[in-house]
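Residue numbers (UniProt numbering): 1 to 360. All remarks here apply to the structure that follows.
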C-alpha cells in the first residue's frame, strides 16, 4: 500500500503519492522534512476485526465464569473439609491472576478491536498496559510457585505447616515482584496521534526508544522473566520431583512388605500419597497448558528479534498468536474442573462399592 507525503519543502505545492519504500527511506535517514509528513490509510473496522472482537469477548466471558467458579469451589471445599493442601491455595491465586488477565488483557483487546483507535486517554493507556503485564507476570510466577510447592511437598512430606508458611511468603513476594517488573510499562506506553489524514490516536511505545537495541533489550528482559527463566525452573523442579517420587516408591513398597496392607499407619500413608499424586497431576497439566499456549508467541518474539521482522503480516500473526496465548486463562479452570469432577465421580463410585446392600 502506498503512502501519501506532503512535500511542500521539496519544491512542490501539491500532494503526491509515493511508494512505501520512499517514505520508509525518509524515516530511516531521519531527514528533516519540516512541513512534510508521510500518511498511511487510516485503519478501519473490518469483518476480520469483528470476528476477532467477538472471539475475544466470548473468551473473556468464559474465562470470567470458569475462574470465578474455581475460586468459589476452592473456598467452599476449604471451609467444609478444612483442606490444607497448599497447591489448591496456589490454584486459587492462579485463578485470581487469570481474572486479571481476563479483564486487563482479553476484555481490553476485545473492546480495542471494536473501537479500532484508542479512546481511553493517556492515563488508561498507561494503567491498562501496566495491569496487562502485571497479570501475565503474576500468572507465570504463581505457576513457578506451584512447581516449587510440589517438589517440597514430595521431598519433605512431614513439613506441611512449614511449607504452607513459606508458600504464604512466596505468594506475597510474587505479587510484589509482578508489580515492580511491570513499572516500565508506565514509562514506555503513551497515547500518540497516528500518521493518518484523520484524527486517530493509539496507545503505543513509538517515539520513546532512541535506538533499536533499547526496544530489543526490553523485549529480551520480558522474554527471560516471563518464559525462559520460569520454564527452566519448572523443568528442573518437576524432573527433581519425579526422581524423588521414584525413590519414595521403593520405600513405599518396603513399608507395605514390613507393615502389611491392613496396618493403619500404612493406610494413612497410602491416602496421603494418593492425595499428593492427584495434586501433582493437576499442577503438571496446568504447566503443560501454559507451555502449549505461550510457546508459539514467545517463539515468534525470538524470531522477530533475531531477524528484525517488522512487517504488517508478521504483526497480524503475532497478534493472533498472542490471543491464543491468552486462552491459557480459560484453560486453567477447565483443567481444575475436570479433575474435580473426576475425583467426585470416583468418590461416589467407591461409596457405592463399599456401601452394603439393604434387604427389605
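By construction, the Cβ of each residue, glycine as well, lies at the ideal position given by its N, Cα and C atoms. On a predicted model such as this, the values are computed, not experimentally measured, just so you know.
| Query | Result |
| --- | --- |
| Within 10 Å of its beta-carbon, does residue 214 have 16 or more other beta-carbons around it, so buried, or fewer, so exposed? | exposed |
| By DSSP, does residue 231 sit in helix, in strand, or in coil? | helix |
| Check whether the Cβ atoms of residue 138 and residue 88 lie closer than 8 Å to each other. | no |
| Tell me the rounded alpha-carbon separation between residue 61 and residue 104. | 13 Å |
| Could you check where the beta strand (DSSP E) with residue 203 kicks off and where it finishes? | 201-204 |
| Can you list, in chain order, the residues of its chain with a C-beta nearer than 7 Å to that of residue 293? Leave out the 5 residues immediately preceding and following it. | 324, 325, 327, 328, 331 |
| Counting C-beta neighbours from all protein chains within 10 Å, is the total for residue 93 16 or more, i.e. buried, or is it exposed? | buried |
| Judging by CA-CA distance, which residue of 71, 51, 179, 217 is the nearest neighbour of residue 333? | 71 |
| Restricting to Cα atoms, I'd like to know which of 111, 90, 100, 96 is closest to residue 49. | 111 |
| Can you tell which of 52, 281, 216 has the C-alpha that lies nearest to the C-alpha of residue 303? | 216 |
| Secondary structure at residue 119, three-state DSSP: helix, strand or coil? | coil |
| Does DSSP put residue 193 in a helix, a strand or coil? | strand |
| Specify, as a first and last residue, the run of the alpha helix (DSSP H) that residue 225 falls within. | That residue, residue 225, is in no alpha helix (DSSP H); it is neither H nor E in DSSP. |
| Where residue 314 and residue 322 are concerned, what is the direct C-alpha to C-alpha distance, given to the nearest angstrom? | 12 Å |
| What span of residues does the alpha helix (DSSP H) with residue 98 cover, start to end? | 86-101 |
| Please state whether the Cβ-Cβ distance between residue 185 and residue 192 is less than 8 Å. | no |
| Taking the C-alpha atoms as reference points, what is the distance between residue 28 and residue 211? | Caution applies to residue 28, whose pLDDT of 45 falls short of 50 and renders its modelled position unreliable; the model cannot decide the point. |
| Note down the Cα distance separating residue 66 from residue 287, rounded to an integer number of angstroms. | 18 Å |
| Quick one: Cα of residue 96 to Cα of residue 76, how far? | 16 Å |
| Does the beta-carbon of residue 149 have 16 or more other beta-carbons within 10 angstroms, so that it is buried, or is it exposed? | buried |
| Do you know how far the Cα of residue 234 is from the Cα of residue 41? | 46 Å |
| Could you tell me whether the Cβ atoms of residue 225 and residue 181 are closer together than 8 Å? | yes |
| Quick check on the burial criterion: 16 or more other C-beta atoms within 10 angstroms. Buried or exposed for residue 74? | buried |
| Taking residue 132 as the reference, give the member of 283, 44, 178, 228 with the closest Cα. | 178 |
| Is it right to say residue 229 is buried, meaning 16 or more other beta carbons lie within 10 angstroms of its own, or is it exposed? | exposed |
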